[in-house]
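In UniProt numbering, the protein residues as written are 1 to 151.
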């Protein structure tokens, strides 16, 4: 989804006539609402859009006065449907990621259990080898002093 700032034709004409920022306040307009700002500059009419949408003046010029609200309602419905579909895709992707994470966790647990069993097996072999060496060391005696070898 891409968001663009779309100036109206009136704003473009105003901006082309004004060479630099003036000391007047900027007014941001959206659906005929004006909010004065403390920032200096010309009046702007900005719309956030992910595709080109005709301004209110263009709608009234091409359609009757009763068709404009219907057009806006249709646009809102389309945007709502698109947003719901996007949210559903995100939900499905998140669910898939959770399933993958759970599978990886299960794999890691199994690997840890196998490793623990291997460590236990090696420790048993070590204990057995130590007992074998101890018994072998008891059999080794020094020929000079006749003492039993102790490691």
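Positions of the beta carbon are idealized from the N, C-alpha and C atoms, including for glycine.
Nearest-angstrom Cα separation, counted from residue j out to residue i
i	j	result
residue 81	residue 117	54 Å
residue 102	residue 120	27 Å
residue 97	residue 124	41 Å
residue 130	residue 100	44 Å
residue 126	residue 132	10 Å
residue 79	residue 94	22 Å
residue 87	residue 122	52 Å
Reduced DSSP category for residue i - H, G, I as helix; E, B as strand; rest coil
i	result
residue 65	coil
Residue burial classification, residue i (beta-carbon count within 10 angstroms, cutoff 16)
i	result
residue 32	At residue 32, the pLDDT of 47 sits below 50, so the modelled position is not reliable; the number obtained from the coordinates is stated separately. By the 10 Å Cβ count, residue 32 comes out exposed.
residue 74	exposed
residue 145	exposed
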